[in-house]
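Heads up: the structure comes next, in C-alpha coordinates.
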Amino acid sequence: MIHVKKAFVIGYPIKHSRSPLIHGHWLAEHGIAGSYEPIEVAPEALPAFLDRIRSGEFTGGNVTVPHKEEAWKLVDFRDLDTDHLKAFNTLSQVETVDGIAIYGQNTDLYGFLANLDQQAPGWNKDVENAIVLGAGGAARAVAAGLMLRVPGRVHILNRTRERAAALAADIVPRRAVGGSLDDFAALAPTSQLVVNTTTIGMHGTRFDNLDLSLLPKSALVTDIVYVPLVTPLLADARALGLRTVDGLGMLLHQAVPGFEAWFGVRPEVTPALRQKIEATL
46 MIHVKKAFVI GYPIKHSRSP LIHGHWLAEH GIAGSYEPIE VAPEALPAFL
96 DRIRSGEFTG GNVTVPHKEE AWKLVDFRDL DTDHLKAFNT LSQVETVDGI
146 AIYGQNTDLY GFLANLDQQA PGWNKDVENA IVLGAGGAAR AVAAGLMLRV
196 PGRVHILNRT RERAAALAAD IVPRRAVGGS LDDFAALAPT SQLVVNTTTI
246 GMHGTRFDNL DLSLLPKSAL VTDIVYVPLV TPLLADARAL GLRTVDGLGM
296 LLHQAVPGFE AWFGVRPEVT PALRQKIEAT L
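Position one of the sequence shown corresponds to residue 46 (the numbering used here), numbered consecutively onward.
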(Lines of atoms letter the chains of each structure in order from A and count residues from 1; the text may use other names and numbers.)
(Lines give C-alpha, C1' and ligand atoms only; values in the text may rest on other atoms or scores of the structure.)
Protein backbone atom coordinates (compact mmCIF):
# COMPACT_ATOMS: atom_id res chain seq x y z
CA MET A 1 0.00 0.00 0.00
CA ILE A 2 1.40 3.40 -1.03
CA HIS A 3 1.52 5.97 1.78
CA VAL A 4 0.14 9.29 0.48
CA LYS A 5 1.74 12.29 2.11
CA LYS A 6 -0.76 15.11 2.62
CA ALA A 7 0.02 18.83 2.70
CA PHE A 8 -2.20 21.93 2.79
CA VAL A 9 -2.55 25.67 2.52
CA ILE A 10 -4.75 27.33 5.14
CA GLY A 11 -6.17 30.84 5.21
CA TYR A 12 -9.40 32.75 5.75
CA PRO A 13 -10.53 33.02 2.98
CA ILE A 14 -8.48 30.59 0.88
CA LYS A 15 -10.23 30.02 -2.46
CA HIS A 16 -8.03 32.61 -4.23
CA SER A 17 -4.79 30.69 -3.52
CA ARG A 18 -2.68 29.50 -6.47
CA SER A 19 -0.53 27.30 -4.21
CA PRO A 20 -2.51 24.07 -4.93
CA LEU A 21 -1.74 24.53 -8.66
CA ILE A 22 1.97 25.01 -7.96
CA HIS A 23 2.35 21.99 -5.70
CA GLY A 24 0.03 19.88 -7.85
CA HIS A 25 2.30 20.61 -10.83
CA TRP A 26 5.38 19.47 -8.91
CA LEU A 27 3.68 16.35 -7.53
CA ALA A 28 2.78 15.29 -11.07
CA GLU A 29 6.19 16.26 -12.47
CA HIS A 30 8.02 14.09 -9.94
CA GLY A 31 5.48 11.26 -9.85
CA ILE A 32 4.94 11.60 -6.11
CA ALA A 33 1.98 9.99 -4.36
CA GLY A 34 0.91 13.03 -2.41
CA SER A 35 -1.75 15.70 -2.08
CA TYR A 36 -1.90 19.42 -1.37
CA GLU A 37 -5.30 20.90 -0.57
CA PRO A 38 -6.68 24.35 0.27
CA ILE A 39 -8.50 24.41 3.61
CA GLU A 40 -10.39 27.40 4.98
CA VAL A 41 -9.63 27.80 8.69
CA ALA A 42 -11.18 30.54 10.80
CA PRO A 43 -8.79 32.27 13.24
CA GLU A 44 -10.35 30.69 16.31
CA ALA A 45 -9.97 27.22 14.79
CA LEU A 46 -6.22 27.52 14.10
CA PRO A 47 -4.90 25.81 17.29
CA ALA A 48 -7.15 22.79 16.74
CA PHE A 49 -6.12 22.56 13.08
CA LEU A 50 -2.41 22.54 13.96
CA ASP A 51 -3.05 19.57 16.23
CA ARG A 52 -3.93 17.65 13.05
CA ILE A 53 -0.24 17.98 12.05
CA ARG A 54 0.82 16.68 15.46
CA SER A 55 -1.55 13.74 15.02
CA GLY A 56 0.26 12.78 11.81
CA GLU A 57 -2.63 13.58 9.43
CA PHE A 58 -0.53 16.12 7.49
CA THR A 59 3.20 16.22 6.77
CA GLY A 60 2.94 20.02 6.79
CA GLY A 61 1.63 22.94 4.82
CA ASN A 62 1.48 26.63 4.06
CA VAL A 63 -0.10 29.38 6.13
CA THR A 64 -1.47 32.54 4.57
CA VAL A 65 -3.49 35.59 5.70
CA PRO A 66 -4.52 36.05 8.48
CA HIS A 67 -2.69 33.21 10.28
CA LYS A 68 1.06 33.87 9.81
CA GLU A 69 1.71 35.75 13.05
CA GLU A 70 -0.42 33.36 15.12
CA ALA A 71 1.29 30.32 13.56
CA TRP A 72 4.63 31.73 14.71
CA LYS A 73 3.30 31.72 18.28
CA LEU A 74 1.81 28.22 18.12
CA VAL A 75 4.61 26.07 16.60
CA ASP A 76 6.84 23.85 18.73
CA PHE A 77 10.18 24.64 17.03
CA ARG A 78 11.18 27.80 15.16
CA ASP A 79 13.63 28.25 12.30
CA LEU A 80 16.49 30.29 13.75
CA ASP A 81 17.12 32.21 10.52
CA THR A 82 13.55 33.56 10.26
CA ASP A 83 12.36 33.50 13.88
CA HIS A 84 12.91 37.27 14.15
CA LEU A 85 10.21 37.86 11.50
CA LYS A 86 7.56 36.75 14.03
CA ALA A 87 5.44 35.33 11.18
CA PHE A 88 5.64 31.84 9.62
CA ASN A 89 4.18 30.74 6.29
CA THR A 90 5.55 27.16 6.16
CA LEU A 91 5.00 24.39 8.70
CA SER A 92 6.49 20.88 8.73
CA GLN A 93 6.15 17.89 11.04
CA VAL A 94 9.27 16.74 12.88
CA GLU A 95 9.77 13.55 14.86
CA THR A 96 10.80 13.99 18.49
CA VAL A 97 11.17 11.57 21.40
CA ASP A 98 7.76 12.78 22.58
CA GLY A 99 6.05 12.26 19.19
CA ILE A 100 5.32 14.55 16.24
CA ALA A 101 5.96 18.28 16.67
CA ILE A 102 5.61 21.31 14.35
CA TYR A 103 8.59 23.18 12.89
CA GLY A 104 7.85 26.65 11.51
CA GLN A 105 9.74 28.88 9.12
CA ASN A 106 9.25 31.89 6.85
CA THR A 107 10.08 31.20 3.19
CA ASP A 108 8.75 34.56 1.95
CA LEU A 109 12.21 36.04 2.56
CA TYR A 110 13.81 33.35 0.36
CA GLY A 111 11.08 33.68 -2.27
CA PHE A 112 11.43 37.46 -2.53
CA LEU A 113 15.20 37.33 -3.02
CA ALA A 114 15.11 34.34 -5.41
CA ASN A 115 12.55 36.11 -7.61
CA LEU A 116 14.72 39.20 -7.97
CA ASP A 117 17.84 37.08 -8.57
CA GLN A 118 16.07 35.22 -11.38
CA GLN A 119 14.30 38.15 -13.04
CA ALA A 120 16.85 40.95 -12.49
CA PRO A 121 20.36 39.50 -11.91
CA GLY A 122 22.64 41.95 -10.11
CA TRP A 123 19.66 43.94 -8.80
CA ASN A 124 21.34 44.63 -5.43
CA LYS A 125 24.56 46.10 -6.79
CA ASP A 126 25.21 49.67 -5.65
CA VAL A 127 21.83 50.14 -3.94
CA GLU A 128 22.33 53.26 -1.85
CA ASN A 129 18.72 53.43 -0.69
CA ALA A 130 15.83 50.97 -0.99
CA ILE A 131 12.21 51.88 -0.30
CA VAL A 132 9.73 49.35 1.12
CA LEU A 133 6.09 50.44 0.89
CA GLY A 134 4.04 49.08 3.79
CA ALA A 135 4.83 47.78 7.27
CA GLY A 136 2.84 44.54 7.59
CA GLY A 137 3.94 40.91 7.74
CA ALA A 138 5.17 40.84 4.14
CA ALA A 139 7.18 44.03 4.68
CA ARG A 140 8.91 42.35 7.59
CA ALA A 141 10.16 39.50 5.38
CA VAL A 142 11.10 41.80 2.49
CA ALA A 143 12.98 44.29 4.67
CA ALA A 144 14.87 41.49 6.42
CA GLY A 145 15.81 40.04 3.02
CA LEU A 146 17.08 43.41 1.83
CA MET A 147 19.18 43.71 4.99
CA LEU A 148 21.06 40.59 3.82
CA ARG A 149 21.70 41.77 0.28
CA VAL A 150 21.61 45.57 0.04
CA PRO A 151 24.64 47.59 1.15
CA GLY A 152 22.74 50.83 1.77
CA ARG A 153 19.75 51.85 3.87
CA VAL A 154 16.25 50.38 3.76
CA HIS A 155 13.47 52.92 4.23
CA ILE A 156 10.13 51.44 5.37
CA LEU A 157 7.33 53.83 4.45
CA ASN A 158 3.81 53.35 5.77
CA ARG A 159 0.59 55.32 6.17
CA THR A 160 1.29 55.41 9.90
CA ARG A 161 4.87 56.41 10.64
CA GLU A 162 4.81 54.76 14.08
CA ARG A 163 4.17 51.27 12.65
CA ALA A 164 7.02 51.70 10.15
CA ALA A 165 9.38 52.92 12.87
CA ALA A 166 8.49 49.95 15.09
CA LEU A 167 9.21 47.51 12.25
CA ALA A 168 12.53 49.21 11.44
CA ALA A 169 13.57 49.03 15.09
CA ASP A 170 12.69 45.32 15.12
CA ILE A 171 14.98 44.50 12.20
CA VAL A 172 18.28 46.44 12.10
CA PRO A 173 17.85 49.86 13.71
CA ARG A 174 21.05 51.30 12.25
CA ARG A 175 20.26 50.44 8.62
CA ALA A 176 16.47 50.24 8.53
CA VAL A 177 14.58 53.53 8.84
CA GLY A 178 10.85 53.99 9.38
CA GLY A 179 8.89 56.79 7.79
CA SER A 180 5.65 57.96 6.21
CA LEU A 181 4.52 57.57 2.59
CA ASP A 182 4.84 61.36 2.43
CA ASP A 183 8.64 60.88 2.65
CA PHE A 184 8.74 59.17 -0.78
CA ALA A 185 9.38 62.36 -2.77
CA ALA A 186 12.44 63.28 -0.70
CA LEU A 187 13.93 59.78 -0.81
CA ALA A 188 13.16 58.84 -4.43
CA PRO A 189 16.01 60.69 -6.21
CA THR A 190 18.65 58.61 -4.36
CA SER A 191 16.72 55.30 -4.24
CA GLN A 192 17.56 52.50 -6.67
CA LEU A 193 14.87 50.03 -5.53
CA VAL A 194 11.17 50.31 -4.64
CA VAL A 195 9.17 47.34 -3.28
CA ASN A 196 5.42 47.38 -2.71
CA THR A 197 4.44 44.97 0.08
CA THR A 198 0.88 46.26 0.56
CA THR A 199 -2.33 45.04 -1.10
CA ILE A 200 -2.56 48.29 -3.06
CA GLY A 201 -2.62 47.26 -6.70
CA MET A 202 -5.29 44.63 -6.29
CA HIS A 203 -8.76 45.42 -7.72
CA GLY A 204 -7.39 48.41 -9.63
CA THR A 205 -6.30 50.34 -6.53
CA ARG A 206 -3.28 52.61 -6.75
CA PHE A 207 -1.10 54.79 -4.53
CA ASP A 208 -1.95 58.48 -4.25
CA ASN A 209 0.83 61.00 -4.88
CA LEU A 210 3.61 58.47 -5.47
CA ASP A 211 5.70 60.17 -8.15
CA LEU A 212 7.89 57.47 -9.69
CA SER A 213 9.40 59.99 -12.12
CA LEU A 214 11.54 61.23 -9.22
CA LEU A 215 13.46 57.91 -9.19
CA PRO A 216 16.79 57.49 -11.01
CA LYS A 217 16.38 56.08 -14.54
CA SER A 218 18.24 52.94 -13.43
CA ALA A 219 15.83 52.19 -10.56
CA LEU A 220 14.00 48.87 -10.22
CA VAL A 221 10.35 48.73 -9.10
CA THR A 222 8.86 45.45 -7.87
CA ASP A 223 5.51 44.45 -6.41
CA ILE A 224 4.58 41.40 -4.34
CA VAL A 225 0.98 41.63 -5.59
CA TYR A 226 0.55 39.21 -8.50
CA VAL A 227 -3.16 39.62 -9.30
CA PRO A 228 -3.08 41.50 -11.61
CA LEU A 229 0.35 40.51 -12.87
CA VAL A 230 1.04 44.09 -13.96
CA THR A 231 -0.22 46.29 -11.14
CA PRO A 232 -0.86 50.02 -11.64
CA LEU A 233 2.48 50.66 -9.87
CA LEU A 234 4.38 48.45 -12.33
CA ALA A 235 2.49 49.89 -15.30
CA ASP A 236 3.45 53.42 -14.24
CA ALA A 237 7.08 52.36 -13.77
CA ARG A 238 7.22 50.73 -17.22
CA ALA A 239 5.72 53.84 -18.81
CA LEU A 240 8.67 55.79 -17.39
CA GLY A 241 11.17 53.25 -18.76
CA LEU A 242 12.08 51.88 -15.33
CA ARG A 243 12.94 48.21 -14.77
CA THR A 244 10.19 46.13 -13.16
CA VAL A 245 9.74 42.68 -11.62
CA ASP A 246 6.25 41.30 -10.93
CA GLY A 247 5.24 39.39 -7.80
CA LEU A 248 4.41 35.99 -9.27
CA GLY A 249 7.98 34.73 -9.00
CA MET A 250 8.02 35.35 -5.24
CA LEU A 251 4.96 33.09 -4.87
CA LEU A 252 6.62 30.37 -6.96
CA HIS A 253 10.02 30.50 -5.25
CA GLN A 254 8.68 30.64 -1.66
CA ALA A 255 6.96 27.31 -2.35
CA VAL A 256 10.22 25.45 -3.06
CA PRO A 257 11.53 24.85 0.53
CA GLY A 258 8.13 23.67 1.75
CA PHE A 259 7.67 21.12 -1.04
CA GLU A 260 11.14 19.75 -0.34
CA ALA A 261 10.39 19.43 3.38
CA TRP A 262 7.06 17.65 2.86
CA PHE A 263 7.80 15.42 -0.14
CA GLY A 264 11.59 14.96 -0.10
CA VAL A 265 12.34 16.45 -3.53
CA ARG A 266 13.58 19.98 -4.25
CA PRO A 267 11.52 21.24 -7.21
CA GLU A 268 12.50 23.90 -9.77
CA VAL A 269 10.70 27.06 -10.79
CA THR A 270 10.54 26.59 -14.55
CA PRO A 271 9.06 28.69 -17.39
CA ALA A 272 6.43 25.94 -17.83
CA LEU A 273 5.27 26.32 -14.22
CA ARG A 274 5.17 30.10 -14.46
CA GLN A 275 3.19 29.89 -17.70
CA LYS A 276 0.70 27.52 -16.06
CA ILE A 277 0.04 29.89 -13.16
CA GLU A 278 0.02 32.99 -15.37
CA ALA A 279 -2.80 31.43 -17.39
CA THR A 280 -5.02 31.50 -14.28
CA LEU A 281 -4.48 35.18 -13.58
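In this text, a Cβ means the ideal position worked out from N, Cα and C, and glycines have one as well.
Nearest to N174 by alpha-carbon distance, out of F308, I55 and L232, is L232. The continuous beta strand (DSSP E) containing A146 extends over residues G144 to Q150. With a cutoff of 7 Å on beta-carbon distance, R185 and L130 are scored as near each other. Taken in chain order, the complete beta strand (DSSP E) segments of 3 residues or longer contained in the region 165 to 198 are 174 to 178. Here D153 is near N134, since their CB atoms are less than 7 Å apart.
Pairwise C-beta distances place the region 282 to 290 out of contact with the region 303 to 311, as fewer than three of them are shorter than 8 Å.
A distance below 7 Å between beta-carbons, with the five flanking residues on each side excluded, links P58 to the following residues of its chain, in chain order: E85. Boundaries of the alpha helix (DSSP H) around A317: P316 to E323.
Straight-line measurement puts the Cα of G190 at about 28 Å from the Cα of L91.
For V222, the number of other beta carbons within 10 angstroms of its own is at least 16, and it is reported as buried. For D281, the uninterrupted alpha helix (DSSP H) segment begins and ends at P277 to A284.
Judged by DSSP in its simplified three-state form, T141 adopts strand.
Approximately 4 Å separates the beta-carbon atoms of G105 and S137; this is inside 8 Å, confirming the contact.
For E85, the enclosing beta strand (DSSP E) has its first and last residue at G79 to E85.
Around V172, the same chain offers V195, P196, G197, Q237 and L238 as residues with beta carbons nearer than 7 Å, after the five sequence neighbours per side are excluded. The criterion of a C-beta distance shorter than 7 Å is not satisfied by P111 and P83.
Nearest neighbour of G246 by Cα position, chosen from I269, L259 and P261, turns out to be I269. By the Cβ test, the region 289 to 300 is not in contact with the region 200 to 208, since fewer than three Cβ pairs between them sit closer than 8 Å. In the displayed model, S263 falls within coil according to three-state DSSP, outside both helix and strand.
Between P261 and T244, the alpha-carbon positions lie close to 25 Å from each other. Its Cα nearest to that of F252, the residue G179 stands out among L212, I145, A210 and G179.
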